[in-house]
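Under my numbering, the first residue of the sequence shown is numbered 10, with each subsequent residue one higher.
Below you'll find the structure, written out as C-alpha coordinates, and then a few comments.
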Amino acid sequence: KIILSIDRLDYTKGIPERLRCYELFMERYPEYREKVILIMIVVPSRVQLKYYQLMKSDIEKYVGKINGKYGTLKWVPIHYLYRSIPFNMLVALYNIADVALVTPLRDGMNLVAKEYIASKTDDTGVLICSETAGVSKEAGESLIVNPNDINDVADAIKNAFVMSEKDKKNAIDVMKRRLKRFDIYRWGSEFMNDLSEIKRYQSHMRAKQMTDLVKTQLIKRYSSSDTALLLLDYDGTLVQLKEKPDQASPDDELMTLLKDLISLKGNTVVVVSGRDRNTLEKWFGALNIQMIAEHGAFIKNDGIWEKDPRLDNSWKKEVLPLLEQYVDRTTGSFIEEKEFSLAWHYRMTDVKLGNIRARELKGALFNLAGNLGISAISGNKVVEIKYNFVNKGNASFRFIEKKRWDFIMAAGDDVTDEDLFSVLPDDSCSIKIGYDATKAVYRIGSYEGFRDFLKEMVESRKLQM
(Lines of atoms letter the chains of each structure in order from A and count residues from 1; the text may use other names and numbers.)
(Lines give C-alpha, C1' and ligand atoms only; values in the text may rest on other atoms or scores of the structure.)
Protein backbone atom coordinates (compact mmCIF):
# COMPACT_ATOMS: atom_id res chain seq x y z
CA LYS A 1 0.00 0.00 0.00
CA ILE A 2 1.27 3.45 -0.92
CA ILE A 3 0.75 6.66 1.04
CA LEU A 4 1.69 9.76 -0.93
CA SER A 5 2.82 13.09 0.54
CA ILE A 6 3.80 15.98 -1.76
CA ASP A 7 4.62 19.49 -0.54
CA ARG A 8 7.00 22.32 -1.16
CA LEU A 9 9.34 22.96 1.75
CA ASP A 10 7.44 25.36 4.00
CA TYR A 11 6.60 25.57 7.70
CA THR A 12 2.86 25.91 6.94
CA LYS A 13 2.79 22.46 5.32
CA GLY A 14 3.30 20.61 8.60
CA ILE A 15 5.83 18.12 7.22
CA PRO A 16 7.55 17.34 10.59
CA GLU A 17 4.12 16.95 12.20
CA ARG A 18 3.11 14.57 9.41
CA LEU A 19 6.17 12.43 10.06
CA ARG A 20 5.26 12.23 13.75
CA CYS A 21 1.79 11.02 12.75
CA TYR A 22 3.24 8.35 10.45
CA GLU A 23 5.64 7.24 13.18
CA LEU A 24 2.70 6.85 15.60
CA PHE A 25 0.81 4.87 12.94
CA MET A 26 3.79 2.48 12.65
CA GLU A 27 3.96 2.15 16.43
CA ARG A 28 0.23 1.77 17.07
CA TYR A 29 -0.56 -0.56 14.17
CA PRO A 30 2.44 -2.92 13.78
CA GLU A 31 0.42 -5.18 11.47
CA TYR A 32 0.97 -2.61 8.69
CA ARG A 33 4.76 -2.72 8.89
CA GLU A 34 6.30 -4.08 5.68
CA LYS A 35 2.88 -3.63 4.03
CA VAL A 36 2.82 0.17 3.70
CA ILE A 37 5.29 2.74 2.37
CA LEU A 38 5.15 6.52 2.58
CA ILE A 39 6.44 8.26 -0.54
CA MET A 40 7.35 11.72 0.71
CA ILE A 41 8.27 14.28 -1.92
CA VAL A 42 9.52 17.64 -0.67
CA VAL A 43 9.92 20.28 -3.38
CA PRO A 44 12.81 22.73 -2.73
CA SER A 45 11.71 26.22 -1.72
CA ARG A 46 13.59 29.30 -0.44
CA VAL A 47 16.77 27.27 -0.25
CA GLN A 48 18.86 30.38 0.47
CA LEU A 49 17.12 31.00 3.81
CA LYS A 50 18.80 29.49 6.87
CA TYR A 51 15.47 28.64 8.54
CA TYR A 52 14.43 26.55 5.54
CA GLN A 53 17.83 24.86 5.46
CA LEU A 54 17.38 23.88 9.11
CA MET A 55 13.85 22.66 8.42
CA LYS A 56 15.12 20.46 5.57
CA SER A 57 17.82 19.05 7.86
CA ASP A 58 15.28 18.30 10.63
CA ILE A 59 12.95 16.55 8.17
CA GLU A 60 15.74 14.38 6.80
CA LYS A 61 16.91 13.46 10.30
CA TYR A 62 13.37 12.45 11.22
CA VAL A 63 13.02 10.36 8.05
CA GLY A 64 16.29 8.62 8.94
CA LYS A 65 15.11 8.02 12.48
CA ILE A 66 11.87 6.33 11.36
CA ASN A 67 13.59 4.27 8.67
CA GLY A 68 16.26 3.21 11.15
CA LYS A 69 13.71 2.30 13.80
CA TYR A 70 11.24 0.31 11.68
CA GLY A 71 13.04 -0.53 8.42
CA THR A 72 14.26 -4.01 7.50
CA LEU A 73 16.63 -5.39 4.87
CA LYS A 74 13.72 -5.77 2.44
CA TRP A 75 11.49 -2.84 3.42
CA VAL A 76 11.90 0.90 4.09
CA PRO A 77 8.96 2.75 5.71
CA ILE A 78 9.63 6.09 3.97
CA HIS A 79 10.87 6.77 0.45
CA TYR A 80 12.04 10.38 0.65
CA LEU A 81 12.74 12.62 -2.37
CA TYR A 82 13.92 16.23 -2.15
CA ARG A 83 13.39 17.49 -5.68
CA SER A 84 10.86 18.80 -8.17
CA ILE A 85 8.91 16.10 -9.99
CA PRO A 86 7.67 16.40 -13.61
CA PHE A 87 3.90 16.71 -13.75
CA ASN A 88 3.40 13.53 -15.79
CA MET A 89 5.28 11.59 -13.10
CA LEU A 90 3.16 13.26 -10.40
CA VAL A 91 -0.02 12.18 -12.16
CA ALA A 92 1.27 8.60 -12.25
CA LEU A 93 2.07 8.74 -8.52
CA TYR A 94 -1.37 10.17 -7.75
CA ASN A 95 -2.98 7.39 -9.76
CA ILE A 96 -1.22 4.51 -8.00
CA ALA A 97 -1.32 5.96 -4.46
CA ASP A 98 -3.79 4.25 -2.14
CA VAL A 99 -3.83 7.23 0.24
CA ALA A 100 -2.96 10.90 -0.21
CA LEU A 101 -1.85 12.51 3.05
CA VAL A 102 -2.60 16.24 2.76
CA THR A 103 -2.24 17.69 6.25
CA PRO A 104 -0.95 21.29 6.14
CA LEU A 105 -1.14 23.29 9.35
CA ARG A 106 -2.67 26.08 7.30
CA ASP A 107 -3.37 26.40 3.59
CA GLY A 108 -5.53 28.73 1.54
CA MET A 109 -6.54 26.01 -0.94
CA ASN A 110 -4.03 23.17 -1.57
CA LEU A 111 -4.00 21.96 -5.16
CA VAL A 112 -2.34 18.62 -4.30
CA ALA A 113 -5.66 17.35 -2.93
CA LYS A 114 -7.51 18.40 -6.10
CA GLU A 115 -4.83 16.93 -8.37
CA TYR A 116 -5.05 13.63 -6.48
CA ILE A 117 -8.83 13.46 -6.92
CA ALA A 118 -8.64 14.40 -10.61
CA SER A 119 -5.92 11.81 -11.35
CA LYS A 120 -7.76 8.76 -9.98
CA THR A 121 -8.78 7.00 -13.18
CA ASP A 122 -10.14 3.94 -11.38
CA ASP A 123 -11.99 6.01 -8.72
CA THR A 124 -10.19 4.30 -5.83
CA GLY A 125 -8.01 5.79 -3.16
CA VAL A 126 -8.57 7.81 -0.01
CA LEU A 127 -7.83 11.48 0.59
CA ILE A 128 -6.86 12.41 4.15
CA CYS A 129 -7.30 16.17 4.36
CA SER A 130 -6.51 18.81 6.96
CA GLU A 131 -9.49 20.75 8.29
CA THR A 132 -7.37 23.92 8.10
CA ALA A 133 -6.86 23.63 4.33
CA GLY A 134 -9.32 25.53 2.18
CA VAL A 135 -9.89 22.48 -0.01
CA SER A 136 -11.49 20.62 2.92
CA LYS A 137 -14.66 22.69 2.35
CA GLU A 138 -14.97 21.09 -1.11
CA ALA A 139 -13.76 17.64 -0.08
CA GLY A 140 -16.23 16.70 2.62
CA GLU A 141 -16.13 13.04 1.57
CA SER A 142 -12.43 12.80 2.43
CA LEU A 143 -11.19 11.88 5.91
CA ILE A 144 -11.00 15.30 7.57
CA VAL A 145 -8.39 15.53 10.35
CA ASN A 146 -6.88 18.01 12.78
CA PRO A 147 -3.23 18.24 11.60
CA ASN A 148 -2.07 19.10 15.12
CA ASP A 149 -3.60 15.94 16.60
CA ILE A 150 -1.22 13.06 15.87
CA ASN A 151 -3.71 10.51 17.23
CA ASP A 152 -6.40 11.78 14.87
CA VAL A 153 -4.14 11.54 11.82
CA ALA A 154 -2.64 8.15 12.75
CA ASP A 155 -6.12 6.69 13.22
CA ALA A 156 -7.26 8.22 9.92
CA ILE A 157 -4.44 6.40 8.10
CA LYS A 158 -5.63 3.13 9.65
CA ASN A 159 -9.26 3.92 8.73
CA ALA A 160 -8.23 4.63 5.14
CA PHE A 161 -6.87 1.10 4.80
CA VAL A 162 -9.93 -0.62 6.29
CA MET A 163 -12.45 1.41 4.30
CA SER A 164 -14.49 -0.68 1.88
CA GLU A 165 -13.81 -0.41 -1.85
CA LYS A 166 -17.41 0.73 -2.36
CA ASP A 167 -17.01 3.62 0.08
CA LYS A 168 -13.70 4.62 -1.49
CA LYS A 169 -15.19 4.69 -4.98
CA ASN A 170 -18.26 6.63 -3.84
CA ALA A 171 -16.16 9.27 -2.09
CA ILE A 172 -13.74 9.79 -4.98
CA ASP A 173 -16.59 9.79 -7.51
CA VAL A 174 -18.54 12.49 -5.65
CA MET A 175 -15.45 14.67 -5.19
CA LYS A 176 -14.38 14.23 -8.81
CA ARG A 177 -17.82 15.23 -10.13
CA ARG A 178 -17.80 18.28 -7.86
CA LEU A 179 -14.33 19.18 -9.09
CA LYS A 180 -15.51 19.04 -12.71
CA ARG A 181 -18.55 21.23 -12.02
CA PHE A 182 -16.64 23.84 -10.03
CA ASP A 183 -14.01 24.61 -12.65
CA ILE A 184 -12.08 27.86 -12.97
CA TYR A 185 -14.88 29.50 -14.98
CA ARG A 186 -17.51 28.68 -12.37
CA TRP A 187 -15.16 29.81 -9.60
CA GLY A 188 -14.45 33.09 -11.39
CA SER A 189 -18.14 33.74 -11.96
CA GLU A 190 -19.03 33.10 -8.31
CA PHE A 191 -16.12 35.25 -7.15
CA MET A 192 -17.36 38.18 -9.24
CA ASN A 193 -20.92 37.66 -7.96
CA ASP A 194 -19.66 37.68 -4.37
CA LEU A 195 -17.65 40.81 -5.10
CA SER A 196 -20.77 42.53 -6.42
CA GLU A 197 -22.69 41.41 -3.33
CA ILE A 198 -20.02 42.93 -1.09
CA LYS A 199 -20.35 46.25 -2.92
CA ARG A 200 -24.12 46.17 -2.41
CA TYR A 201 -23.58 45.36 1.26
CA GLN A 202 -21.10 48.23 1.63
CA SER A 203 -23.61 50.59 0.06
CA HIS A 204 -26.22 49.36 2.52
CA MET A 205 -23.84 49.99 5.44
CA ARG A 206 -23.01 53.51 4.26
CA ALA A 207 -26.71 54.33 4.17
CA LYS A 208 -26.94 53.48 7.86
CA GLN A 209 -23.78 55.27 8.98
CA MET A 210 -24.57 57.95 11.56
CA THR A 211 -23.61 61.26 9.99
CA ASP A 212 -23.03 64.54 11.83
CA LEU A 213 -26.44 65.74 10.63
CA VAL A 214 -28.17 62.65 12.05
CA LYS A 215 -26.30 63.05 15.35
CA THR A 216 -27.41 66.66 15.62
CA GLN A 217 -31.04 65.71 14.96
CA LEU A 218 -31.01 62.85 17.49
CA ILE A 219 -29.32 64.93 20.18
CA LYS A 220 -31.91 67.67 19.63
CA ARG A 221 -34.73 65.13 20.08
CA TYR A 222 -33.11 63.74 23.20
CA SER A 223 -32.43 67.16 24.75
CA SER A 224 -36.02 68.26 24.32
CA SER A 225 -37.51 65.10 25.85
CA ASP A 226 -38.89 64.93 29.39
CA THR A 227 -38.42 61.15 29.70
CA ALA A 228 -35.69 59.12 28.03
CA LEU A 229 -34.95 55.37 28.13
CA LEU A 230 -31.40 54.36 27.23
CA LEU A 231 -30.87 50.60 26.69
CA LEU A 232 -27.13 50.00 26.44
CA ASP A 233 -25.23 46.78 25.78
CA TYR A 234 -21.91 46.52 27.63
CA ASP A 235 -19.13 44.50 25.91
CA GLY A 236 -18.20 46.02 22.56
CA THR A 237 -20.62 48.91 23.05
CA LEU A 238 -19.53 50.71 26.21
CA VAL A 239 -16.10 49.05 26.46
CA GLN A 240 -13.68 47.40 24.06
CA LEU A 241 -14.03 43.66 23.56
CA LYS A 242 -11.29 41.77 25.40
CA GLU A 243 -9.82 38.30 24.93
CA LYS A 244 -11.12 37.25 28.35
CA PRO A 245 -14.38 38.58 29.85
CA ASP A 246 -12.79 39.47 33.21
CA GLN A 247 -10.41 41.89 31.46
CA ALA A 248 -13.23 44.21 30.36
CA SER A 249 -14.06 45.95 33.64
CA PRO A 250 -15.36 49.54 33.33
CA ASP A 251 -12.73 52.29 33.33
CA ASP A 252 -12.99 55.66 35.10
CA GLU A 253 -14.14 57.44 31.95
CA LEU A 254 -17.08 55.07 31.52
CA MET A 255 -18.10 55.26 35.18
CA THR A 256 -18.09 59.06 35.00
CA LEU A 257 -20.14 58.96 31.80
CA LEU A 258 -22.74 56.62 33.32
CA LYS A 259 -23.00 58.76 36.46
CA ASP A 260 -23.59 61.83 34.28
CA LEU A 261 -26.33 60.06 32.32
CA ILE A 262 -28.05 58.82 35.47
CA SER A 263 -27.93 62.26 37.10
CA LEU A 264 -29.89 63.92 34.30
CA LYS A 265 -33.56 64.42 35.09
CA GLY A 266 -35.91 62.10 33.21
CA ASN A 267 -33.20 59.62 32.22
CA THR A 268 -33.56 55.88 32.84
CA VAL A 269 -30.38 53.98 31.98
CA VAL A 270 -30.44 50.19 31.55
CA VAL A 271 -27.28 48.13 31.00
CA VAL A 272 -28.45 45.19 28.87
CA SER A 273 -25.77 42.51 29.02
CA GLY A 274 -24.99 38.83 28.65
CA ARG A 275 -22.81 39.12 31.76
CA ASP A 276 -23.74 37.32 34.97
CA ARG A 277 -25.56 39.39 37.59
CA ASN A 278 -22.80 39.13 40.21
CA THR A 279 -20.31 40.79 37.86
CA LEU A 280 -22.75 43.54 36.89
CA GLU A 281 -23.62 44.12 40.53
CA LYS A 282 -19.95 44.37 41.47
CA TRP A 283 -19.32 46.94 38.75
CA PHE A 284 -22.51 49.00 38.81
CA GLY A 285 -24.33 48.09 42.01
CA ALA A 286 -23.45 51.41 43.66
CA LEU A 287 -25.07 53.36 40.81
CA ASN A 288 -28.77 54.11 40.47
CA ILE A 289 -28.87 52.09 37.28
CA GLN A 290 -31.18 49.36 35.97
CA MET A 291 -29.61 46.14 34.69
CA ILE A 292 -30.41 43.07 32.60
CA ALA A 293 -28.06 40.10 33.13
CA GLU A 294 -27.52 36.87 31.18
CA HIS A 295 -29.48 38.24 28.20
CA GLY A 296 -32.63 38.54 30.29
CA ALA A 297 -32.46 35.74 32.85
CA PHE A 298 -32.18 38.41 35.56
CA ILE A 299 -33.56 41.96 35.70
CA LYS A 300 -32.61 44.58 38.27
CA ASN A 301 -35.46 47.07 38.51
CA ASP A 302 -35.48 49.84 41.13
CA GLY A 303 -32.70 48.16 43.11
CA ILE A 304 -34.20 44.65 43.23
CA TRP A 305 -32.99 41.66 41.20
CA GLU A 306 -35.74 39.45 39.72
CA LYS A 307 -35.33 36.01 38.13
CA ASP A 308 -37.55 34.53 35.46
CA PRO A 309 -39.46 31.83 37.41
CA ARG A 310 -39.30 29.40 34.47
CA LEU A 311 -35.52 29.07 34.70
CA ASP A 312 -33.51 26.14 36.01
CA ASN A 313 -30.01 24.93 35.21
CA SER A 314 -30.55 21.17 35.03
CA TRP A 315 -29.79 21.21 31.28
CA LYS A 316 -26.17 22.21 31.97
CA LYS A 317 -25.10 18.67 32.89
CA GLU A 318 -26.08 17.58 29.36
CA VAL A 319 -24.21 20.39 27.60
CA LEU A 320 -21.06 20.98 29.69
CA PRO A 321 -19.32 17.70 28.70
CA LEU A 322 -19.76 18.62 25.03
CA LEU A 323 -18.30 22.09 25.56
CA GLU A 324 -15.37 20.58 27.45
CA GLN A 325 -14.63 18.37 24.43
CA TYR A 326 -14.43 21.47 22.25
CA VAL A 327 -12.13 23.20 24.74
CA ASP A 328 -9.82 20.17 24.58
CA ARG A 329 -9.89 20.21 20.77
CA THR A 330 -9.46 23.98 20.33
CA THR A 331 -6.39 25.59 21.87
CA GLY A 332 -7.17 28.97 23.40
CA SER A 333 -10.91 28.40 23.84
CA PHE A 334 -12.62 28.35 27.23
CA ILE A 335 -16.01 28.01 28.91
CA GLU A 336 -17.76 30.79 30.80
CA GLU A 337 -20.40 29.38 33.14
CA LYS A 338 -23.20 31.61 34.40
CA GLU A 339 -26.20 30.76 36.58
CA PHE A 340 -28.56 29.92 33.72
CA SER A 341 -26.40 30.00 30.60
CA LEU A 342 -23.09 28.82 29.20
CA ALA A 343 -20.69 30.42 26.76
CA TRP A 344 -17.89 28.87 24.71
CA HIS A 345 -15.33 31.60 23.88
CA TYR A 346 -12.83 31.25 21.03
CA ARG A 347 -11.44 34.77 20.66
CA MET A 348 -7.90 33.56 21.47
CA THR A 349 -7.89 30.63 19.02
CA ASP A 350 -6.66 30.47 15.45
CA VAL A 351 -9.25 32.41 13.44
CA LYS A 352 -10.03 29.74 10.86
CA LEU A 353 -10.00 26.85 13.30
CA GLY A 354 -12.16 28.78 15.78
CA ASN A 355 -14.80 29.43 13.12
CA ILE A 356 -14.74 25.79 12.05
CA ARG A 357 -15.14 24.56 15.62
CA ALA A 358 -17.95 27.06 16.30
CA ARG A 359 -19.94 25.73 13.33
CA GLU A 360 -19.27 22.16 14.44
CA LEU A 361 -20.39 22.94 17.99
CA LYS A 362 -23.64 24.54 16.83
CA GLY A 363 -24.33 21.48 14.72
CA ALA A 364 -23.59 19.14 17.63
CA LEU A 365 -25.90 21.17 19.87
CA PHE A 366 -28.78 21.24 17.38
CA ASN A 367 -30.63 18.06 18.41
CA LEU A 368 -29.64 18.38 22.05
CA ALA A 369 -30.87 21.97 22.21
CA GLY A 370 -34.25 21.13 20.71
CA ASN A 371 -34.92 18.45 23.32
CA LEU A 372 -33.88 20.69 26.23
CA GLY A 373 -35.65 23.88 25.12
CA ILE A 374 -32.40 25.78 24.78
CA SER A 375 -30.70 27.49 21.84
CA ALA A 376 -27.11 28.07 20.72
CA ILE A 377 -26.45 31.63 19.54
CA SER A 378 -23.33 32.66 17.62
CA GLY A 379 -21.97 35.94 18.96
CA ASN A 380 -18.69 37.78 18.48
CA LYS A 381 -16.19 34.90 18.82
CA VAL A 382 -18.52 33.13 21.23
CA VAL A 383 -21.26 30.50 21.15
CA GLU A 384 -23.81 31.11 23.90
CA ILE A 385 -26.28 28.52 25.13
CA LYS A 386 -29.41 29.64 26.95
CA TYR A 387 -33.16 29.05 27.14
CA ASN A 388 -35.09 29.90 23.98
CA PHE A 389 -37.38 32.36 25.73
CA VAL A 390 -34.51 34.30 27.32
CA ASN A 391 -33.35 37.21 25.18
CA LYS A 392 -32.55 40.88 25.45
CA GLY A 393 -35.72 41.84 23.59
CA ASN A 394 -38.16 40.19 26.00
CA ALA A 395 -36.32 41.55 29.02
CA SER A 396 -35.98 45.09 27.64
CA PHE A 397 -39.68 45.24 26.79
CA ARG A 398 -40.35 45.24 30.54
CA PHE A 399 -38.82 48.73 30.64
CA ILE A 400 -40.24 49.89 27.30
CA GLU A 401 -43.84 49.20 28.36
CA LYS A 402 -43.54 50.90 31.77
CA LYS A 403 -44.54 54.31 30.42
CA ARG A 404 -44.83 56.39 27.30
CA TRP A 405 -41.27 57.52 26.75
CA ASP A 406 -40.48 60.70 24.82
CA PHE A 407 -37.17 59.24 23.63
CA ILE A 408 -35.90 55.64 23.45
CA MET A 409 -32.40 54.69 22.35
CA ALA A 410 -30.85 51.20 22.20
CA ALA A 411 -27.26 50.37 21.28
CA GLY A 412 -25.41 47.08 20.85
CA ASP A 413 -22.68 45.38 18.85
CA ASP A 414 -23.62 41.71 18.86
CA VAL A 415 -26.15 39.39 17.24
CA THR A 416 -27.87 39.03 20.62
CA ASP A 417 -28.69 42.75 20.50
CA GLU A 418 -30.82 42.21 17.40
CA ASP A 419 -33.59 40.86 19.68
CA LEU A 420 -33.50 44.21 21.48
CA PHE A 421 -33.71 46.19 18.24
CA SER A 422 -36.72 44.07 17.18
CA VAL A 423 -38.95 45.16 20.08
CA LEU A 424 -38.30 48.91 19.86
CA PRO A 425 -41.16 51.24 18.92
CA ASP A 426 -40.97 52.69 15.41
CA ASP A 427 -39.83 56.14 16.53
CA SER A 428 -36.92 54.77 18.61
CA CYS A 429 -33.23 55.31 17.90
CA SER A 430 -31.37 52.01 17.38
CA ILE A 431 -27.59 52.02 16.95
CA LYS A 432 -25.34 49.18 15.82
CA ILE A 433 -21.75 49.42 17.06
CA GLY A 434 -19.55 47.98 14.31
CA TYR A 435 -20.14 46.88 10.74
CA ASP A 436 -22.07 43.61 10.82
CA ALA A 437 -25.53 43.27 9.29
CA THR A 438 -28.22 44.63 11.60
CA LYS A 439 -31.85 45.62 12.13
CA ALA A 440 -30.69 48.87 13.71
CA VAL A 441 -31.42 52.15 11.92
CA TYR A 442 -27.97 53.67 12.48
CA ARG A 443 -24.44 52.50 13.09
CA ILE A 444 -21.33 53.87 14.78
CA GLY A 445 -18.01 52.22 13.98
CA SER A 446 -16.56 51.70 17.46
CA TYR A 447 -17.22 51.88 21.18
CA GLU A 448 -15.05 55.03 21.34
CA GLY A 449 -17.29 56.71 18.78
CA PHE A 450 -20.37 55.71 20.75
CA ARG A 451 -18.90 57.05 24.00
CA ASP A 452 -18.24 60.36 22.25
CA PHE A 453 -21.87 60.42 21.10
CA LEU A 454 -23.09 59.79 24.66
CA LYS A 455 -20.88 62.64 25.93
CA GLU A 456 -22.45 64.97 23.36
CA MET A 457 -25.90 63.87 24.56
CA VAL A 458 -24.96 64.63 28.17
CA GLU A 459 -23.59 68.09 27.37
CA SER A 460 -26.61 68.99 25.28
CA ARG A 461 -29.05 67.84 27.99
CA LYS A 462 -27.19 69.82 30.64
CA LEU A 463 -27.58 72.99 28.57
CA GLN A 464 -31.35 72.43 28.51
CA MET A 465 -31.59 72.15 32.30
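All C-beta atoms in this analysis are idealised placements derived from N, C-alpha and C, irrespective of residue type, glycine included.
Remember, predicted model here, so these are calculated numbers, not experimental data.
One thing to note: Ile394 has its Cβ no nearer than 8 Å to the Cβ of Ala404.
Per the Cβ contact rule, the segment 189 to 206 is not in contact with the segment 54 to 68 (fewer than 3 Cβ pairs under 8 Å). Its Cα nearest to that of Arg186, the residue Asp132 stands out among Thr236, Leu58, Asp132, Arg338. Going by C-alpha positions, Arg284 is about 42 Å away from Ile137.
Burial state of Trp84 is exposed, judged by a 10 Å Cβ sphere holding fewer than 16 other Cβ atoms.
DSSP places Gln299 in the uninterrupted beta strand (DSSP E) bounded by 299 to 302. In the DSSP assignment, Asn310 is bridged to Ile313. Around the CB of Phe191, fewer than 16 other CB atoms lie within 10 Å, so the residue is classed as exposed. Phe416 and Asp435 have their C-alpha atoms roughly 11 Å apart. Less than 8 Å separates the beta-carbon of Gly245 from that of Ile442. One Cα belongs to Val45, the other to Lys189, and the distance between them is close to 31 Å.
Of the residues Trp353, Glu174, Glu124, Phe459, the one whose Cα lies closest to the Cα of Thr220 is Phe459. Shown here, Thr112 sits in coil according to DSSP, grouped into three states, outside any helix or strand. Exposure of Asp235 is indicated by the presence of fewer than 16 other C-beta atoms within 10 angstroms of its C-beta. In this structure, DSSP gives Trp324 a state outside helix and strand, which the three-state scheme calls coil. Counting along the chain, the unbroken beta strand (DSSP E) around Met49 starts and ends at 46 to 52. Residue Asp158 holds the alpha-carbon nearest to the alpha-carbon of Thr340 among Asp158, Ile75, Thr130, Gly80. Annotated three-state conformation of Thr81 is strand, per DSSP. Remark: C-beta atoms of Leu28 and Tyr71 approach each other more closely than 8 Å.
Beta-bridge partners assigned by DSSP to Asn276: Ala237. By the criterion of a C-beta distance shorter than 8 Å, Asp161 is surrounded in its chain by Val154, Asn155, once the five residues flanking it on both sides are discounted. The three-state reading of DSSP puts Trp414 in coil, since its state is none of H, G, I, E or B.
Note on Asp321: under 16 other CB atoms within 10 angstroms of its CB, so exposed under the neighbour-count rule. Here DSSP, grouped into helix, strand and coil, assigns Ser151 to coil. Taking the Cα positions, Ser387 is about 31 Å away from Arg195. Nearest Cα to Leu273 within the set Tyr125, Leu463, Phe307, Met357: Leu463. Per DSSP, the unbroken alpha helix (DSSP H) holding Glu290 starts and ends at 286 to 293.
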